[in-house]
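For reference, the structure discussed in these notes is given below.
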Amino acid sequence: MELLSNRKNLLLIMAALASIRFIIVPLFDWQGQQVDEMRSLQSRLDKGQYLVSQSGYLAEVKQKLELAVSKQQAIFFDASNKNNTQLKQLQKIEKLIADNNLKVRNSRWLGQQDHDAYVEYRLEIGITGDLADFIQFTAAVELLPNPRRFAQWQVNISGMSKTSIGRLTNAKAVIQFLVAKDEQQGAE
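Dropping the structure here:
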């Protein structure tokens, strides 16, 4: 009888251990997972509340960034129409030449060079007139806002004397114009 009683006790102990192993331990694991999930959700909620509380600051930063980007993009010429853009730039340069008492002999576009973020167009223009006026013209071009600048120039001077620095008999200037590449691709 004692053996039978020990067997019953042994079976009760085994049943208790099995219930602990298969019922209570998974229950604690599930509870731990729920606690971890709640902590994760609480963390996400805290981050969301922080972002909402900082929305005014973030909107201000966004406006500053948009302004900085627009200023950066403003230095590039709009190339929605390549020919129209080239014509406008040529007219601006010719006006500067006329304003500085110089004359245009000829002009031509030398094509384009592709770069990572922009396309570079080059204008070659032949000029005649006084050297002093040409110096003023070069200063005027350099004072224009980017992205317009001299790439090179050649000057042949005649008539230099003690009272005059001379005249340009044959001057060539190559001027670069930069166009944003994404605008250029939209034009093609």
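Going letter by letter, the sequence shown gives residues 1 to 188 in the UniProt record's numbering. Yeah, the Cβ is synthetic: ideal placement off N, Cα and C, and Gly gets one too. Note that the structure is predicted; figures quoted are calculated from it, not measured.
| Query | Result |
| --- | --- |
| Residue closest to Val-154, alpha-carbon to alpha-carbon, out of Leu-45, Ile-125, Gln-34 | With the sequence shown as reference, residue 154 is identified as Gln, and Val is not the correct amino acid for it. It is Ile-125. |
| Under 8 Å between C-beta atoms of Ile-135 and Ile-97 | no |
| Status (buried if at least 16 other CB within 10 Å, exposed otherwise) for Ile-165 | exposed |
| Residue closest to Asn-106, alpha-carbon to alpha-carbon, out of Asn-170, Phe-22, Ala-18 | Asn-170 |
| Contacting residues, own chain, Cβ-Cβ under 6 Å from Asn-100 (five flanking each side not counted) | Asp-133, Gln-136, Phe-137 |
| Supposed close pair Leu-123, Gln-152 - CB separation, criterion 8 Å | That belief does not hold up - the Cβ atoms of Leu-123 and Gln-152 are roughly 12 Å apart, past 8 Å. |
| Delimiting residues of the alpha helix (DSSP H) encompassing Gly-48 | 25 to 53 |
| Residue span of the alpha helix (DSSP H) that contains Asn-84, given as start and end | 82 to 99 |
| Residue range of the unbroken alpha helix (DSSP H) whose run includes Ile-135 | 131 to 143 |
| CB of Ile-93 within 8 Å of CB of Ile-175, strictly | yes |
| Leu-144 versus His-115, Phe-177, Lys-162, residue with shortest Cα-Cα distance | Phe-177 |
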